[in-house]
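>
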Amino acid sequence: MRLQRLLVRGALVETPRTPDGEDRRIAALRALDVLDTPMEERFDRITRFASQLFDVPIALVSLIDQDRQWFKSAMGLDVRETSRAISFCGHTILTRKILLTPDALIDSRFSDNPLVRGAPYIRFYAGCPIYAECGSALGSLCLIDTKPRVLSETDLHALRDLALMVERELQRPESNILDEKTSICNRNGFSLLAEKGLDLCARRMTPASMVFIEIDGLNDDKESKETDRILYQFSEYLNCHLDHSALVARVEKNQFVALLIDASAAAAELAMINFKAAIEALHIRENWKYLLRFSHGVAEFNTNKHPTVDKLITDADIAMYDNKKQRRYADRANEAVN
């Protein structure tokens, strides 16, 4: 294979060659009508989860356009595009398999790359190609770290599974994995990601905890705009303020779940204390008619007790109802005293 090199910022950089069938590949990418669109939760939830799952600071959904690399989702990176000539993912679409660079400084393809010598200082890269239905490689789901890394076969399998989820979102955006009212995962979308996460946690012996949350006394009137607004804001806060990389979902009208990777039950409880404080501040700022109260329960993942995601959710649900029952007893005791 003939190498192509380009002088970039005083260094000769090995640029990715143009793949066969490039016109067809670009046509397939443009047909998706996704370039230069806003970031979306359906992709961000995957990169956010990948960043936490693999413990890397950067995870990207990268699409290779004619002269640029454009990011549909960029967890841990502030820019939305770079030149294709210096992109790692431009090389990934040529491989038809996961491209691994354990240490870019000693990889002749990338050692002089400005993305290695300068920000974001890439040392480790793993990119899994994502494809159009016609078979053309459009880009990749990639993991980036600022220090050298290696991935196990289990890790690679999990990365492939996540890349397939990105592929499905690109090819069939109408797939039913998001909750319509809140735009976070529904139970189906949650289960798909949580299953992969728990499987990897089990193999790595990494702790994980499930939180089950039920909003108390929320008006169930489907026509209530106030109820819809509260549900949306609660979901947004759960997604952003519970834990940076928690995977969250709405599973019923007033019930939510959250999977926290690398978190014991005690760490999950602490996260819920902080989340409650954030919701109380939101209540004051938004001037809600009443203080939103919710009950929660935590179940720590145990490979022997929790063979499925649903079993872990059930145990967290049971813990939530136990906590709710104890709070009711405490409230009645206080009323009797007063």
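If you're matching positions, the sequence shown starts at 1 in full-length UniProt numbering and goes up one per residue. In this text, a Cβ means the ideal position worked out from N, Cα and C, and glycines have one as well.
By the DSSP assignment, the alpha helix (DSSP H) with H283 in it spans what residues?
Start and end: 265-286.
> Identify, in the order they occur along the chain, each residue of the same chain with its Cβ nearer than 8 Å to the Cβ of M39, setting aside the five sequence neighbours on each side.
Excluding positions up to five away in sequence, the list reads K72, S73, A74.
> Give the DSSP-derived three-state secondary structure of K72 in the structure shown.
Reduced to three states, the DSSP call for K72 is strand.
> I'd like to confirm the pairing. Which residues does DSSP put opposite residue 348 in its beta bridges?
The first residue shown for the chain is 1 and the last is 338, placing residue 348 beyond what the model contains.
> Measuring only the C-alpha atoms, how far is G197 from Q255?
Each residue's alpha carbon lies about 21 Å from the other.
> Below 8 Å, can you find three or more Cβ-Cβ pairs linking the segment 144-153 to the segment 57-67?
Yes: at least three Cβ pairs fall under 8 Å.
> Applying the criterion that 16 or more other CB atoms from any shown protein chain within 10 Å of the CB defines a buried residue, is S274 buried or exposed?
Note on residue identity: the sequence assigns Asn, not Ser, to residue 274. N274 should be labelled exposed.
> Who pairs with T227 in a beta bridge, going by DSSP?
Answer is none; T227 lacks a bridge partner.
> Would you mind working out which of L77, L164, A249 sits nearest E133, comparing C-alpha positions?
Of the listed residues, the one whose Cα sits closest to E133 is L164.
> How would you label D20, buried or exposed, when you count the other beta carbons within 10 angstroms and need 16 or more for buried?
Exposed, by the Cβ-count rule.
> Judging by CA-CA distance, which residue of I230, V251, P120 is the nearest neighbour of L77?
L77 has its Cα closest to that of P120, out of I230, V251, P120.
> If I measure Cβ to Cβ from R80 and keep anything under 6 Å in the same chain, skipping five residues before and after, which residues do I get?
F71, listed in sequence order.
> A271 to G139, Cα distance in whole Å?
Looking at the two C-alpha atoms, the distance is approximately 35 Å.
> Ignore the nearest five residues each way along the sequence and tell me which others in T154's own chain have a CB closer than 6 Å to its CB.
Once the five neighbours on either side are set aside, the close Cβ partners of T154 are R203.
> Is the distance from the Cβ of residue 341 to the Cβ of L105 below 7 Å?
Nothing in the structure corresponds to residue 341, since the chain is present only between 1 and 338.
> Measure the alpha-carbon distance for P114 versus I86 and round it to whole angstroms.
Near 7 Å, if we compare the C-alpha coordinates of I86 and P114.
> Give the straight-line distance between the Cα atoms of I184 and N239, rounded to the nearest whole angstrom.
Going by the C-alpha atoms only, they are around 8 Å apart.
> Measuring alpha carbon to alpha carbon, tell me which of T206, A266, P102, L178 ends up nearest R45.
For the residues T206, A266, P102, L178, the minimum Cα distance to R45 belongs to L178.
> For A208, is the classification buried or exposed, using 16 other Cβ atoms within 10 angstroms of its Cβ as the cut-off for buried?
So A208 ends up on the buried side.
> The alpha helix (DSSP H) with D23 in it runs from where to where?
It spans 22-31 - the alpha helix (DSSP H) in which D23 sits, taken as one unbroken run.
> Considering Cα atoms alone, identify which of Y321, F88, A263, R187 is closest to Q52.
Of Y321, F88, A263, R187, the residue nearest in Cα terms is A263.
> For the alpha helix (DSSP H) that I93 lies in, which residues bound it at each end?
Element bounds for I93: 89-95.
> Just to confirm my understanding: we take L32, look at its own chain, exclude 5 residues before and 5 after, and list those with CB closer than 7 Å. What are they?
For L32, where only same-chain residues beyond five positions count, the Cβ hits under 7 Å are L170.
> Work out the CA separation of V116 and Y329 for me, nearest whole Å.
C-alpha separation (whole angstroms): 59 Å.
> Between the alpha carbons of H91 and P102, how many angstroms are there, rounded?
Near 15 Å, if we compare the C-alpha coordinates of P102 and H91.
> Just verifying my parser: in three-state terms, what is the DSSP assignment at V150?
Coil.
> Decide if R30 is buried, meaning its Cβ has at least 16 other Cβ atoms within 10 Å, or exposed.
It is exposed - the Cβ of R30 has fewer than 16 other Cβ atoms within 10 Å.
> May I ask which residues mark the beginning and end of the alpha helix (DSSP H) holding T308?
From DSSP, T308 is part of no alpha helix (DSSP H); its letter is neither H nor E.
> Roughly how many whole angstroms lie between the Cα atoms of R9 and I261?
Residue placement at R9 cannot be trusted, given a pLDDT of 48 that sits under 50; what the coordinates show is reported in the next sentence. Answer to the nearest angstrom: the Cα atoms are 40 Å apart.
> Rounded to whole angstroms, how far is the Cβ of L247 from the Cβ of A194, which I believe are closer than 8 Å?
Confirmed, about 6 Å.
> With 16 other CB atoms within 10 Å as the buried threshold, where does Y321 fall?
Y321 is exposed by the Cβ-count criterion.
> Below 8 Å on the Cβ atoms is my contact criterion, and I expect G189 with A249 to pass it. Report the Cβ-Cβ distance as a whole number of Å.
Yes, G189 and A249 are in contact; Cβ-Cβ is about 7 Å, under 8 Å.
> Can you grab the Cα-Cα spacing for the pair N323 / A50, in whole Å?
One C-alpha to the other measures close to 32 Å.
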